[in-house]
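**Student:** Below you will find the structure I want to go over with you.
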Amino acid sequence: MEALLHTVMTVREDDISLYGFASAEEREIFQILTSVTGVGAKIGLSMLSVMDSAELARAISGNDIKSLTRIPGVGPKLAQRVVLELGERMAQHVFDRRVDSLQAGQAAERNATFEDIVEALIGLGYSRADSRKAAERAVSGNPDHATTDLMREALNLLSGGK
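According to this note's numbering, the sequence shown holds residues 1161 to 1322 in order.
Listed below in structure tokens is the structure:
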């Protein structure tokens, strides 16, 4: 079984440490957190163990000092410093993640539509290769059209209409 571990290595005069994270996003949040004066690796890990990276980013960008002070090792002053220094950066991070998830959802929806059209064309007796080509052309040319319109376009392409 393979596992992918995202790591950060810190080198100090008297210590070399390696920290592992399940996702690149967690690693990125950890690195951002530890850039704040007063937030070392121990507190950064504590923050990520109490809240997942998305919750933590929302708490920081939303100035939720109360939630941050519930984290062991984070008092009101440190929570305020984190919010002050990282608020805008975390707001941008939250926004970027939302855009990424919306785009992924739209891509998945387009793929499902594409596969539906291919299967319908195969059901009508066209070959898989021809069906895929026609569906690809129909979807790429009109990605925002309804499935029925895209199906009509694919049929038109297969019948030699274009």
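Note that CB positions come from ideal geometry on N, CA and C, so glycine has one too.
Going residue by residue through the stretch 1162-1200, where are the continuous beta strand (DSSP E) segments of at least 3 residues, counting only ones entirely within it?
**Tutor:** Listed in chain order, they are 1166-1172 and 1175-1181.
**Student:** Which residues mark the beginning and the end of the alpha helix (DSSP H) in which residue 1217 is found?
**Tutor:** The sequence position of residue 1217 within the sequence shown is 57, counting from 1. First-last of the alpha helix (DSSP H) with residue 1217: 1213-1221.
**Student:** I'd like to check one pair, residue 1210 with residue 1230: are the Cβ atoms closer than 8 Å?
**Tutor:** Numbered from its first residue, the sequence shown carries residue 1230 at position 70. Numbered from its first residue, the sequence shown carries residue 1210 at position 50. Yes, these two residues count as a Cβ contact at 8 Å.
**Student:** Would you say residue 1306 and residue 1274 are within 8 Å of each other, going by their C-beta atoms?
**Tutor:** The residue given as residue 1306 occupies position 146 in the sequence shown. The residue given as residue 1274 occupies position 114 in the sequence shown. The answer is no: Cβ separation not under 8 Å.
**Student:** Quick one: what's got a C-beta closer than 7 Å to residue 1247's C-beta in the same chain, skipping five residues either side?
**Tutor:** Position 87 of the sequence shown holds residue 1247. These residues qualify, in order along the chain: 1220, 1221 and 1223.
**Student:** Would you tell me roughly how many angstroms separate the C-alpha atoms of residue 1197 and residue 1262, rounded to the nearest one?
**Tutor:** For this step, residue 1197 is matched to residue 37 along the sequence shown. For this step, residue 1262 is matched to residue 102 along the sequence shown. Cα-Cα distance, rounded: 34 Å.
**Student:** Look up residue 1305 in the DSSP assignment and say whether it is helix, strand or coil.
**Tutor:** Translated into positions along the sequence shown, residue 1305 becomes position 145. Note: residue 1305 maps to coil in three-state DSSP.
**Student:** Could you tell me the alpha carbon to alpha carbon distance between residue 1316 and residue 1258, rounded to whole angstroms?
**Tutor:** By 1-based counting over the sequence shown, the position of residue 1316 is 156. By 1-based counting over the sequence shown, the position of residue 1258 is 98. Spanning the two alpha carbons is a distance of roughly 37 Å.
**Student:** Compute the beta-carbon to beta-carbon distance between residue 1277 and residue 1298, rounded to the nearest angstrom, for a pair I have assumed lies under 8 Å.
**Tutor:** Along the sequence shown, read from residue 1 onward, the residue named residue 1277 stands at position 117. Along the sequence shown, read from residue 1 onward, the residue named residue 1298 stands at position 138. About 7 Å separates the two Cβ atoms, so the contact holds.
**Student:** Okay, do the stretch 1172-1188 and the stretch 1225-1240 touch, 3+ Cβ pairs below 8 Å being the bar?
**Tutor:** Not touching, per the Cβ criterion.
**Student:** Given a threshold of 16 other Cβ atoms within 10 Å of its Cβ, counted over all protein chains shown, does residue 1203 qualify as buried or as exposed?
**Tutor:** Translated into positions along the sequence shown, residue 1203 becomes position 43. Under this definition residue 1203 is a buried residue.
**Student:** Please tell me whether residue 1250 and residue 1201 are closer than 8 Å, where the distance is taken between their beta carbons.
**Tutor:** Residue 1250 sits at position 90 when you count from the first residue of the sequence shown. Residue 1201 sits at position 41 when you count from the first residue of the sequence shown. No, these two residues do not count as a Cβ contact at 8 Å.
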